[in-house]
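Numbering (our numbering), first residue to last: 83 to 148. For each residue, glycine too, the CB sits at the ideal point set by N, CA and C. In this text, all values refer to a predicted model and were calculated from it rather than measured experimentally.
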């Protein structure tokens, strides 16, 4: 059974580009513009969920991280 989890994306300008961060999982990416930074973050999250042990991200999503 698949479940859906809403995650936060924080995108900030840094130098000549943009940095994107998902604080719940502590995964970051970057891009030349906001849309590219968002797409790259989504790709990084998809790769994480495809390769991580399910217990690893289950613990991250249910922890009380600030």
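- If you look at residue 134, you'll find it isn't in any beta strand (DSSP E); DSSP assigns it neither H nor E.
- Here residue 126 carries a helix assignment [DSSP, helix/strand/coil].
- In summary, residue 134 is exposed, with fewer than 16 beta-carbon neighbours lying within 10 Å of its beta-carbon over all protein chains present.
- Here the C-alpha atom of residue 114 lies approximately 4 Å from the C-alpha atom of residue 99.
- Listed as beta-bridge partners of residue 110 by DSSP are 103.
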